[in-house]
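Just so you know, we're using our numbering here: the sequence shown kicks off at 67 and counts up by one. Glycine is no exception: its CB is placed at the ideal position from the N, C-alpha and C atoms. Notes for the one structure printed next.
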Amino acid sequence: MLNTIKIKTLLILSLFTLLLIGCNNKNNTEKSTIKTETKALKKILFVVTSHSEKGNTGEKTGYYLGEVSHPWDVLHTAGYEIDFVSPQGGKAPVDAFNMNDSINKKFWDNDVYRNKIENTKKPSEVNPEDYLAIHYAGGHGAMWDFADNTEIAEIAKQIYENNGVVSAVCHGPAGIVNIKLSNGLYLVDGKKVNAFTNEEEVKVKLENVVPFLLEDQLIAHGAIFEKSAPFTEHVVTDQRLVTGQNPQSAHSVGKATLKELQKLNKSTK
């Protein structure tokens with residue numbers, strides 16, 4: 067009789083131990099999943115050009131360093147991880163390499179991010195679900211390889227339709243001119259937008275070099291185009307779309323993007 071009781075007790079203890087192990091494993095798995103999701107939700111994708119020449123002029127171009135470094139500084143400081151993609155992947159050509167700008171220097175001296183921008187992802191390597199926002203950096207190179215890149219446009223569309231933020235500065239909005247949403251409308255249609263203006267293009271004497279005028283193309287696709295005097299800071303936000311007019315607007319684009327992300331964060335709590 068005593069042995070029978072002992073056996074039953076041992077069986078009950080064994081079952082209880084197994085249940086505890088199972089619960090712990092489940093909790094650990096859930097914690098791991100939460101950590102993974104949290105990490106994913108802190109990521110932003112920056113788009114930079116792969117194009118390095120201004121038409122047939124022989125003049126070099128690429129992404130404008132300050133239009134990467136200044137938004138990066140705002141968003142990275144706020145705790146977001148930044149990844150980089152370009153139409154061709156690999157090392158992206160850089161323009162306006164000004165190390166007198168302390169934020170440019172801060173970015174360039176950061177080994178992690180210097181390595182990232184010199185080894186950009188290909189569009190096929192990007193999972194849109196990993197990102198809360200996408201930012202298109204300018205530089206004249208963007209005028210040649212952003213507008214017709216359907217792969218990156220699809221990534222941006224998915225991020226936006228997943229309640230994410232799309233931002234762009236200077237010539238970066240070349241990347242948003244042709245984005246169509248699932249409802250068949252252009253992303254910019256009916257939204258307040260700005261970008262490098264026709265007047266600014268004339269002032270840098272490239273109005274007949276670029277493949278199209280950014281202001282004209284945005285208006286043609288339904289954008290409500292806003293602008294200030296040439297090379298004056300101007301940023302506009304409309305329905306999770308943040309756009310800046312010129313290099314002078316880059317830092318404020320970063321701040322406006324952060325503000326939109328903070329709004330989204332509050333609405334999900």
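So what does DSSP say about Tyr197, is it helix, strand or coil? The DSSP-derived three-state label of Tyr197 is coil.
Given that a residue counts as buried once 16 or more other Cβ atoms are within 10 Å of its Cβ, and exposed if not, what is Leu324? By the neighbour-count rule (16 or more Cβ atoms within 10 Å), Leu324 is buried.
C-beta atoms of Ala240 and Ala208 nearer than 7 Å: Yes, these two residues count as a Cβ contact at 7 Å.
Alpha carbon to alpha carbon, what distance is there between Glu119 and Leu247? 31 Å
Which residue comes first and which comes last in the beta strand (DSSP E) that contains Asp255? Note, Asp255: premise wrong, no beta strand (DSSP E); not H, not E.
Find out if the Cβ-Cβ distance for the pair Gly204, Gly128 is shorter than 7 Å. no
Cβ-based neighbour list, Glu227, same chain, cut-off 8 Å, excluding 5 preceding and 5 following: Cβ neighbours of Glu227 beyond the five flanking positions: Leu247, Ser248.
From which residue to which residue does the beta strand (DSSP E) around Thr303 run? Per DSSP, Thr303 belongs to the beta strand (DSSP E) from 301–304.
Is the separation between the beta-carbon of Ile290 and that of Ala199 shorter than 7 Å? no
Whole-angstrom distance between Phe212 and Val243, CA atom to CA atom: 9 Å
Can you have a look at Ser190 and say buried or exposed, based on whether 16 or more other CB atoms are within 10 angstroms of its CB? Burial call: exposed.
Nearest-angstrom Cβ-Cβ length linking Thr186 and Ser233, presumed shorter than 8 Å: With a Cβ gap of about 18 Å, Thr186 and Ser233 do not count as contacting.
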